[in-house]
Amino acid sequence: MKVVTGTPPNYKEILKVFPQLEKDKRVVFCYGDTIYAPGGARGITPDLEAHEAVHMRQQVYGWLGTGPKRWWKKYLKDPKFRLEQELEAYRAQYQFYKEVVSDDRNKVNALLLKIAGHLSGPIYGNLISTSEAVKLIKK
2 MKVVTGTPPN
12 YKEILKVFPQ
22 LEKDKRVVFC
32 YGDTIYAPGG
42 ARGITPDLEA
52 HEAVHMRQQV
62 YGWLGTGPKR
72 WWKKYLKDPK
82 FRLEQELEAY
92 RAQYQFYKEV
102 VSDDRNKVNA
112 LLLKIAGHLS
122 GPIYGNLIST
132 SEAVKLIKK
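If you read the sequence shown in my numbering, its first letter stands for residue 2, the second for the next number, and so on.
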């Protein structure tokens, strides 16, 4: 997986659904085999790479093997699909962090709360509560 500073090819379509992302340069996007980091690649941690690797697999090999263009179209249009895709990626991120990055329970719980906040927040359309996100990520 390569990482580039910049925005993905479908950035305008993403902003139509999530206009608030234009101001948040910390958000990264996977498009095919590339992670796009509008604010630069410095904040891409190993656990975030694990998260984005799931999206790469989803786009390239998953959902009927349709490729990133069709995956993104469905992702932006279908909140249920978006939640399913993000939940799989956040579970992988959590497991990676727990197994590879840290065995410190407090750090693991802090990451869990952080990513549950992301999954339940406006970045994905406030699809579920934070407590529900915690339960689903740990499942």
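Ideal Cβ positions, reconstructed from N, Cα and C, are used throughout, including at glycine. Note that the structure is predicted; figures quoted are calculated from it, not measured.
Is it true that the region 51 to 71 meets the region 18 to 27, where meeting means three or more beta-carbon pairs spaced less than 8 Å apart?
The region 51 to 71 is not in contact with the region 18 to 27.
Kindly indicate which three-state DSSP category Val135 falls into: helix, strand or coil?
Taking the first residue of the sequence shown as position 1, residue 135 is located at position 134. Val135: helix per DSSP, three-state reduction.
So, for Gly118: in the same chain, excluding its five sequence neighbours on each side, which residues have a beta-carbon less than 7 Å away from its beta-carbon?
Along the sequence shown, one-based indexing puts residue 118 at 117. If we look at Gly118 and ignore the five residues flanking it on each side, its Cβ neighbours are Thr131.
So, Asp48 versus Val135, is the Cβ gap smaller than 7 Å?
Within the sequence shown, residue 48 is the residue found at index 47, counting from 1. Within the sequence shown, residue 135 is the residue found at index 134, counting from 1. Result no, Cβ atoms of Asp48 and Val135 do not sit closer than 7 Å.
If I measure Cβ to Cβ from Ala90 and keep anything under 7 Å in the same chain, skipping five residues before and after, which residues do I get?
Position 89 of the sequence shown, counting from 1, holds the residue named residue 90. These residues qualify, in order along the chain: His52, Val55, His56.
Quick check: the Cα distance between Gly1 and Gly41, rounded to an integer number of angstroms?
The first residue shown for the chain is 2 and the last is 140, placing residue 1 beyond what the model contains.
Is it buried or exposed, Ala111, if we count other Cβ atoms within 10 angstroms and call 16 or more buried?
Here the question's residue 111 lines up with position 110 in the sequence shown. Exposed, by the Cβ-count rule.
Taking the continuous beta strand (DSSP E) assigned at Ile36, which residues delimit it?
To locate residue 36, count along the sequence shown from 1; it is residue 35. Segment 35 to 38, the beta strand (DSSP E) holding Ile36.
Give every residue of the same chain whose Cβ lies closer than 7 Å to the Cβ of Gln94, excluding the five residues on either side of it in the sequence, and list them in chain order.
By 1-based counting over the sequence shown, the position of residue 94 is 93. The residues are Asp48, Leu49, Ala51, His52, Ile116.
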